[in-house]
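Enquirer: One line per chain: the protein sequences are F and W, in this order.
When the first sequence is numbered by the numbering used here, its final residue is 223 and no position is left out of the sequence of numbers.
When the second sequence is numbered by the numbering used here, its final residue is 455 and no position is left out of the sequence of numbers.
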Amino acid sequence: MGNWERLVWNQRGVLLQGLAVTVEICLIAFAVALLGGLTLCLIRMYVKPLRPLAIVLIEFFRATPIFVQLMWVTYVWPEVFGWPDAFFTAGWVALGLQSSGYLAETLRAGIEAVPRGHREAGYSVGMSPVMVFVRIVAPQALLTVAPSIVNQFTVIVKSSTLVSVITVQDLMFQALKLVNVWYEPIEILTVVAILYILFVFSLSQAGKSLADLLRRRYGLAAA
Amino acid sequence: MSEALVAALNPSMFWEYRAVLLQGLAFNGYVFAAAAALALSVGLAAALARVNRARPFRWIGTVYVETFRNAPDYIMVVWVHFVLPLLLGAVLGRRIEFPPFVSAVIALGFVYSGYFAETFRAGIQSIPTGQIEAGRACGMSDRLILWRIVLPQVVRRMLPEAINQFVSLFKATTIVSLIAVPDLMYRVSMVLQQEMKPLPLYTGAALTYFVVIYLVSSLVRVVSERWRSKVY
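1) Are any of the Cβ atoms in chain W nearer than 7 Å to that of F:Ala211?
2) Which runs of the alpha helix (DSSP H) spanning at least 4 residues fall entirely within the segment 286-320 of chain W, listed in chain order?
3) If I'm right that F:Ser204 touches W:Asn293 with Cβ under 8 Å, what's the distance once you round it to whole angstroms?
4) Buried or exposed: which applies to W:Ala340, given that a residue is buried once 16 or more other Cβ atoms fall within 10 Å of its Cβ?
5) Below 8 Å between beta carbons is the criterion; list the residues of the segment 72-83 of chain F that meet it against any residue of chain B, in chain order.
6) On the DSSP letters alone, give me the boundaries of the alpha helix (DSSP H) that F:Trp92 sits inside.
7) Taking 7 Å as the threshold (beta carbon to beta carbon), is F:Lys177 in contact with chain W?
8) Return the CA-CA distance between F:Leu198 and W:Thr397, expressed in angstroms with no decimal places.
9) Expressed to the nearest angstrom, what Euclidean distance is found between the alpha-carbon atoms of F:Met71 and W:Tyr425?
10) Quick one: residues in its chain with C-beta nearer than 6 Å to the C-beta of W:Leu267, no 5 flanking neighbours on either side, listed in chain order?
11) Determine the direct distance from the alpha carbon of F:Gln169 to that of F:Leu176, and round the result to whole angstroms.
12) With C-beta atoms as the reference, is F:Ile194 less than 7 Å away from F:Phe30?
13) For the putative contact between F:Val163 and F:Ile25, defined by C-beta atoms under 8 Å, what is the C-beta separation to the nearest angstrom?
14) Please report the straight-line C-alpha distance between W:Lys453 and W:Phe305, rounded to a whole angstrom.
15) Just reading off the alpha helix (DSSP H) that F:Gly36 is part of, what are its end residues?
16) Counting only runs of 4+ residues fully inside the segment 387-451 of chain W, write out the alpha helix (DSSP H) ranges in chain order.
17) In this structure, how does DSSP classify W:Pro279 when only helix, strand and coil are distinguished?
18) Output yes if chain W places a C-beta closer than 7 Å to the C-beta of F:Phe61; else output no.
19) Classify F:Tyr183 as helix, strand or coil using the three-state DSSP reduction.
20) Locate the alpha helix (DSSP H) running through W:Asp474, then write down its first and last residues.
21) Would you call the segment 200-214 of chain F and the segment 288-302 of chain W in contact, with 3 or more CB pairs under 8 Å?
22) What residues in the segment 309-326 of chain W have a beta carbon less than 8 Å from any beta carbon of chain F?
23) Below 8 Å, can you find three or more Cβ-Cβ pairs linking the segment 139-151 of chain F to the segment 112-121 of chain F?
24) Evaluate contact between the segment 347-361 of chain W and the segment 416-425 of chain W, counting only Cβ atoms and requiring at least three cross-stretch pairs below 8 Å.
25) Counting only C-beta atoms, is F:Pro185 closer than 7 Å to chain W at any point?
26) To the nearest angstrom, how far is it from the Cα of F:Ser99 to the Cα of F:Gln69?
27) Am I right that F:Leu103 and F:Ile66 are in contact with their C-beta atoms under 8 Å? What's the rounded C-beta distance?
28) Taking a contact to mean a Cβ-Cβ separation below 7 Å, would you say W:Met381 touches W:Val334 in this structure?
29) With a Cβ-Cβ cutoff of 7 Å, do F:Gln17 and F:Leu178 count as a contact?
30) Taking DSSP as the reference, what is the three-state secondary structure of W:Trp238?
31) Applying the criterion that 16 or more other CB atoms from any shown protein chain within 10 Å of the CB defines a buried residue, is F:Val167 buried or exposed?
32) By alpha-carbon positions, which one of F:Ala113, F:Thr22, F:Asn3, F:Ala109 ends up nearest to F:Phe173?
33) Which residues in chain W have a C-beta closer than 9 Å to the C-beta of F:Met172? List them in chain order.
34) F:Leu19: which of F:Leu189, F:Tyr196, F:Val145, F:Arg216 sits nearest, CA to CA?
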């Protein structure tokens, strides 16, 4: 047990710091993904002239590996756009972009699943298109896709391990750093792997209970 | 900015190293093929454990699937590459080292077996029990029922979902560059050390992956839909 104490328990401060960075970058990336996904989805569905652009972006984000996107955002964007100027920023930008492509398609599926009759009913009582979207379409669509959105967050957490490659000091980075200091990978990497698995597992269980709850309360089919 | 944009879209640098880089892409393909074979076979075994009548099997299957489905690819690749050989070495009493390629295939194969297991299980549970009972009534063995009645239908039903997972697996093969498997990303970073021009190289890599993944997955989807609609 000496090893476990020396390599893991005594390093808990560093590892927890890393975990905090992981949580932080994932939350920012998730917010970016939600905003970006909603924007892409709305443009694709309702802004005719920009639709091809939205489709190309969605497909590009979805079909490019996250690691490649991460390197691309980190090393190419600063030269082209002069931004992002920090590795942390590049990290959440890449994570956010990837997921915004997936979320755009998820949200679209949710919106398209709302029966046309509901929309027509809104118009027939004199609601404006914006009001129909906000009051009738969006709430129902969100309920249907809420579990998939939670699921997308677990994907972000899994992918976030890669930001350690661009020296963002997340949990993975701290683990690899400790391994390089002590040259004893067994305990550190095993504990960190278990931490990640438990973290992602509890998130996906939360997603499952959310899906069950919504189904029971509103009688919705699983998304 | 516009000059930089032109440089980003200028393919000449990427083209100059095309032979080296495309060989790297082939490595993505090898890792993908080997990991997919491993993931499918282990995934099927795990799915069969999860639908087994004996409770301990179901329990083990569930723990296995939840562990690997919720594990980030990168930590698993690192764990298999750096920890697993040490543990095996301690058990066998000699020094063991995995070549990067082997570690990559084992790690990705096991992670994705978790996803495939769930897809297989959903497919198996969607087969009406009456068909299995009919097989038993004609005196077929369990194995024969699995191969003749269950699996042919499962494969057709799970194909769209499985294709999504194959796409994810192929995308995940890019991280094997981090344990020095000479795939496309690894070679890009090697060329970068010489040329110091990340702009055209990473843009080229991103576009190459995008085109390959988008085209191949669209094509496979069309072909598989045609096949599915023909057999049903």
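All residues carry an ideal CB built from backbone N, CA and C; glycine is no exception.
Expert: With the given structure in hand:
1) Locating residue 211 of chain F in the first sequence gives position 211, counting from the first residue. Between F:Ala211 and chain W, the shortest Cβ-Cβ separation is not below 7 Å.
2) With a minimum length of 4 residues, the continuous alpha helix (DSSP H) runs that stay inside the segment 286-320 of chain W are 296-305, 307-315.
3) By one-based count along the first sequence, residue 204 of chain F stands at place 204. By one-based count along the second sequence, residue 293 of chain W stands at place 70. That belief holds up - the Cβ atoms of F:Ser204 and W:Asn293 are roughly 6 Å apart, short of 8 Å.
4) To locate residue 340 of chain W, count along the second sequence from 1; it is residue 117. So W:Ala340 ends up on the buried side.
5) Of the chains in the structure shown, none is chain B; the protein chains are F and W.
6) The sequence position of residue 92 of chain F within the first sequence is 92, counting from 1. Note, F:Trp92: alpha helix (DSSP H), 87-112.
7) If you number the first sequence from 1, residue 177 of chain F lands on position 177. Output row for F:Lys177: interface = no.
8) Taking the first residue of the first sequence as 1, we reach residue 198 of chain F at position 198. Taking the first residue of the second sequence as 1, we reach residue 397 of chain W at position 174. Near 25 Å, if we compare the C-alpha coordinates of W:Thr397 and F:Leu198.
9) Counting from one through the first sequence, the residue named residue 71 of chain F turns up at place 71. Counting from one through the second sequence, the residue named residue 425 of chain W turns up at place 202. Each residue's Cα considered, the two are about 7 Å apart.
10) As a first step, residue 267 of chain W must be located in the second sequence, where it is residue number 44. Once the five neighbours on either side are set aside, the close Cβ partners of W:Leu267 are Phe343.
11) Sequence index remark: in the first sequence, residue 176 of chain F carries index 176 (1-based). Sequence index remark: in the first sequence, residue 169 of chain F carries index 169 (1-based). F:Leu176 and F:Gln169 have their C-alpha atoms some 10 Å from each other.
12) If you number the first sequence from 1, residue 194 of chain F lands on position 194. If you number the first sequence from 1, residue 30 of chain F lands on position 30. Not a contact, by the Cβ cut-off of 7 Å.
13) Translated into positions along the first sequence, residue 163 of chain F becomes position 163. Translated into positions along the first sequence, residue 25 of chain F becomes position 25. Sure, about 6 Å apart at Cβ, within 8 Å.
14) In the second sequence, residue 453 of chain W corresponds to position 230, counting from 1. In the second sequence, residue 305 of chain W corresponds to position 82, counting from 1. W:Lys453 and W:Phe305: Cα-Cα distance of roughly 47 Å.
15) If you number the first sequence from 1, residue 36 of chain F lands on position 36. 12-46 is the span of the alpha helix (DSSP H), which, as asked, contains F:Gly36.
16) Listed in chain order, the complete alpha helix (DSSP H) runs (minimum 4 residues) inside the segment 387-451 of chain W are 407-418.
17) Residue 279 of chain W sits at position 56 when you count from the first residue of the second sequence. Note: W:Pro279 maps to helix in three-state DSSP.
18) Stepping through the first sequence from its first residue, residue 61 of chain F is reached at position 61. Residue-level contact by beta carbon fails for F:Phe61 and chain W, as no gap is shorter than 7 Å.
19) Here residue 183 of chain F corresponds to residue number 183 of the first sequence, with the count starting at 1. It is coil, neither helix nor strand.
20) Nothing about residue 474 of chain W can be reported from this structure: the residues present for chain W run from 224 to 455 only.
21) Three or more Cβ pairs drawn from the segment 200-214 of chain F and the segment 288-302 of chain W lie within less than 8 Å of each other, which places the two stretches in contact.
22) Correct list: Leu309, Leu310.
23) These segments touch.
24) By the C-beta criterion, the segment 347-361 of chain W is judged not to be in contact with the segment 416-425 of chain W, since fewer than 3 inter-stretch pairs fall below 8 Å.
25) Here residue 185 of chain F is taken as the residue at index 185 of the first sequence, counted from 1. With 7 Å as the cut-off, F:Pro185 counts as an interface residue toward chain W.
26) Position 99 of the first sequence, counted from the first residue, corresponds to residue 99 of chain F. Position 69 of the first sequence, counted from the first residue, corresponds to residue 69 of chain F. In this structure, the alpha-carbon of F:Ser99 lies about 11 Å from that of F:Gln69.
27) In the first sequence, residue 103 of chain F corresponds to position 103, counting from 1. In the first sequence, residue 66 of chain F corresponds to position 66, counting from 1. The C-beta distance from F:Leu103 to F:Ile66 rounds to 14 Å, too long to meet the 8 Å contact threshold.
28) Here residue 381 of chain W corresponds to residue number 158 of the second sequence, with the count starting at 1. Here residue 334 of chain W corresponds to residue number 111 of the second sequence, with the count starting at 1. With contacts defined as CB atoms closer than 7 Å, W:Met381 and W:Val334 fail to qualify as a contacting pair.
29) Numbered from its first residue, the first sequence carries residue 17 of chain F at position 17. Numbered from its first residue, the first sequence carries residue 178 of chain F at position 178. For F:Gln17 and F:Leu178, no; Cβs fall outside 7 Å.
30) Taking the second sequence and counting its residues from 1, the one referred to as residue 238 of chain W is at position 15. Residue state, collapsed to three classes: helix.
31) Against the first sequence, residue 167 of chain F aligns to sequence position 167. Sequence check: residue 167 of chain F is Thr here, not Val. With fewer than 16 Cβ atoms within 10 Å of its Cβ, F:Thr167 is classed as exposed.
32) As a working mapping, residue 173 of chain F is identified with position 173 in the first sequence. It is F:Thr22.
33) To locate residue 172 of chain F, count along the first sequence from 1; it is residue 172. Those within 9 Å of F:Met172 in chain W are Pro295, Tyr297, Ile298, Val301.
34) As a position in the first sequence, residue 19 of chain F is number 19, starting the count at 1. Here the closest residue by C-alpha is F:Tyr196.
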